[in-house]
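Below is one structure; the comments refer to it alone.
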Amino acid sequence: MKRNTIVAGPVSRRALLHGLVAGAGFCLLPATAFAAASKSTSSAIAFYGNALIVARGSALLYRDGGQNWTALSEMSAGTILTLATHLERPDRIIGGLDAGGVVLSVDGGKSWNVRGQGLPEAAVTAITTAATTPDTIYAAIRGDGLWQSDDVGQSWTFVMDRPWLMDAERDLTALSSVDLATGMGGIWLYAGTDTGVTRVPDCFCRWQDVQAGDAMDALASGKPAPSKAPLPEGEPVNALVSAASQPATLYAALPSGIWHSQDAGVIWLKRSEVIATALAVHPLRADDLAIVNDDGVLQSPDGGRTWTAIANI
Amino acid sequence: MIAVSPRSLVTGLMAGVGMALLSGVADAGSTPENLTFLEKPITPEQIALGNDVYAEFCASCHGANLEGQKNWKRRLDTGRMPAPPHDASGHTWRHSDQELFAITKFGVGAVVPGYESDMPAFEDVLSDEEIIAVLGYIKSVWSDEERAFQHNLNPKDGRAK
Chain R
1 MKRNTIVAGP VSRRALLHGL VAGAGFCLLP ATAFAAASKS TSSAIAFYGN ALIVARGSAL
61 LYRDGGQNWT ALSEMSAGTI LTLATHLERP DRIIGGLDAG GVVLSVDGGK SWNVRGQGLP
121 EAAVTAITTA ATTPDTIYAA IRGDGLWQSD DVGQSWTFVM DRPWLMDAER DLTALSSVDL
181 ATGMGGIWLY AGTDTGVTRV PDCFCRWQDV QAGDAMDALA SGKPAPSKAP LPEGEPVNAL
241 VSAASQPATL YAALPSGIWH SQDAGVIWLK RSEVIATALA VHPLRADDLA IVNDDGVLQS
301 PDGGRTWTAI ANI
Chain Z
1 MIAVSPRSLV TGLMAGVGMA LLSGVADAGS TPENLTFLEK PITPEQIALG NDVYAEFCAS
61 CHGANLEGQK NWKRRLDTGR MPAPPHDASG HTWRHSDQEL FAITKFGVGA VVPGYESDMP
121 AFEDVLSDEE IIAVLGYIKS VWSDEERAFQ HNLNPKDGRA K
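Protein sequence lines, in the order shown, are assigned to chains R and Z.
Quick note: the first sequence uses full-length UniProt numbering, first residue 1, plus one each step.
Quick note: the second sequence uses full-length UniProt numbering, first residue 1, plus one each step.
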């Protein structure tokens, strides 16, 4: 299915700009702000309460809860590759930079403070806040591994090397704290790589595949594990998110489309063939998705079945 | 010698044994009060046996003082992870008794199917009594806080978690 057949109610550039100008009065527009972004430009997106923040290349865009868009000042510290927010910290946006380090905003992205001293000087490819302890942040560093901060990014501790998949270490392309018990007194961190999804308990004992059922139960019963329907083998994961309101609900953006799981990644089903480079899920509405792709920013009210363009970037 | 099958691991050893509270304070060289493994009390004799077993079979990788291999969070060139510490800096205390027993006896793959590790399965090397003793010894080294945390990971009804 072609992308333009999936997008419901496509919004023309003219209509989008007209609506934005009429409704808001903000000075800059998405199309202007992102005009220089190439098709391969990095992108990130996160819900910020009912608002959205989008990074594409060096440009930043903010949509408030009233659907008004603002182009934010470009950041001198570097390009944001990844964004994270947390419902319990409604004033906070955290970004990971291509030049290394993280940035923190407490005013909707208007201003940013550089954090992450102590992190390796390498790109932060994925970042997430811990679902149950929002002052804890995890950052994936290209060519290095996974780091943890318990003070909102001021100080960092190396916690885990990169996952070993298909005979090589893999950088993380996505990271999501999933509020599901590991049986080890904590919760899971799910990660996307260029060869699929993996996960690690937040005690960082080992990267591991998603299992169907519990291995100890299977060991005790002697019965085979329940069946799985994994993501297509070896396919890169562009983005991966867990719905905070329904943690077992996962969405993954792959080159083959948007995939959905209701059971924490045991069984995946393709929701649409829309391709996304960044993906976010509303903190309270598990079916409310937003993505970034070459066509701009799109939103889905139904878990990725249908899409509406909300910004033409 | 007790022959523990995977099934009986989670159904037999724990049956009918009351759960003890882990509130004791360990003096150097003593057994923490109410130290248990799979819901059975660990005795000073078991701790001594576990100490000997650890020194012979575990210390070469996990360290004489349970400190683990250097840079244990960094992957080896083989792609496998070094041996982690068994003290508070590691994650052993984040696993239930059943998982620790299964990992030691059957290998890490018993709890994480497909996982490749340099740690062998000790099924044909150590008896179940020796595995319980060495894990009891490791637990005896933890602080009260770590033992209490790990205690809460153990199933309360005799079933695998």
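Backbone N, C-alpha and C fix where the C-beta goes; we use that ideal spot for every residue, glycine too.
- Per DSSP, the continuous beta strand (DSSP E) segment holding R:LEU298 begins and ends at 296-300.
- By the Cβ criterion, the region 225-241 of chain R is in contact with the region 255-264 of chain R, since at least three pairs of Cβ atoms, one from each stretch, lie closer than 8 angstroms.
- In the three-state reduction of the DSSP assignment, Z:HIS151 falls in the helix class, which pools H, G and I.
- The C-alpha of R:PHE47 is placed about 12 angstroms away from the C-alpha of R:LEU61.
- Annotated as proximal: R:ALA59 and R:GLU74, with beta-carbon spacing under 8 angstroms.
- Judged by DSSP in its simplified three-state form, Z:LYS105 adopts helix.
- Contacts between Z:PRO32 and chain R, judged by CB atoms closer than 9 angstroms, are missing: the closest CB pair is about 19 angstroms apart.
- The Cβ atoms of R:TRP188 and R:THR198 lie no closer than 8 angstroms to each other.
- The CB of Z:PHE149 comes closer than 8 angstroms to the CB of GLY185 in chain R, given here in chain order.
- Of the candidates R:ALA225, R:ASP294, R:ALA51 and R:SER43, the residue whose Cα lies closest to the Cα of R:ARG285 is R:ALA51.
- Annotation: R:LEU172 has no Cβ neighbours in chain Z at a cutoff of 8 angstroms; minimum Cβ distance is about 14 angstroms.
- Counting C-beta atoms within 10 angstroms of its own C-beta, R:SER76 has fewer than 16 neighbours from the protein chains shown and is therefore classed as exposed.
- By the Cβ neighbour-count rule, R:THR132 is exposed, with fewer than 16 other Cβ atoms within 10 Å of its own.
- Within chain R, not a single residue places a beta-carbon under 8 angstroms from that of Z:LYS139; the smallest gap is close to 15 angstroms.
- Comparing alpha-carbon positions, the option among R:GLY96, R:ASP179, R:GLY108 and R:GLY196 lying closest to R:SER149 turns out to be R:GLY96.
- By the neighbour-count criterion, in which a residue is buried when 16 or more other Cβ atoms sit within 10 angstroms of its Cβ, Z:GLY90 is buried.
- Bridge partners of R:TRP69 according to DSSP: R:ARG63.
- If you check the CB distance, R:ALA264 and R:VAL178 come in under 8 angstroms.
- Sorting R:GLN211, R:ALA174 and R:PRO283 by C-alpha distance to the C-alpha of R:ASP194 places R:ALA174 at the top.
- Per the coordinates, the alpha-carbon of R:ASP161 lies some 21 angstroms from the alpha-carbon of R:GLN154.
- Within chain Z, no residue has its CB atom less than 8 angstroms from the CB of R:GLN154, the nearest being about 21 angstroms off.
- Per DSSP, Z:HIS62 is not a residue of any beta strand (DSSP E); the alpha helix (DSSP H) it occupies stretches across 59-62.
- Here the region 146-158 of chain Z makes no contact with the region 121-137 of chain Z; the two share fewer than three CB pairs at distances below 8 angstroms.
- By the Cβ test, the region 129-143 of chain R is not in contact with the region 54-62 of chain Z, since fewer than three Cβ pairs between them sit closer than 8 angstroms.
- Rounded to the nearest whole angstrom, the CA to CA distance from R:ALA55 to Z:VAL112 is 37 angstroms.
- A Cβ of chain Z is located within less than 8 angstroms of the beta carbon of R:MET160.
- Collapsing the DSSP output to three states places Z:PRO120 in coil.
- Contact with chain Z is absent for R:MET166, since none of that chain's Cβ atoms lies less than 8 angstroms from the residue's Cβ.
- The beta carbons of Z:ALA121 and Z:GLY136 sit about 19 angstroms from each other, so the pair does not count as a contact at 8 angstroms.
- The beta carbon of R:THR125 sits closer than 8 angstroms to those of LEU81, THR82, GLY96, ALA140, ILE141, ARG142, ASP171, LEU172 and THR173, all from its chain and outside the five residues before and after it, given in chain order.
- Contact between R:GLY296 and R:ALA311 holds, with the beta-carbon distance rounding to 5 angstroms and staying under 8 angstroms.
- Per DSSP, reduced to three states, the secondary structure at R:MET166 is coil, with no helix or strand assignment.
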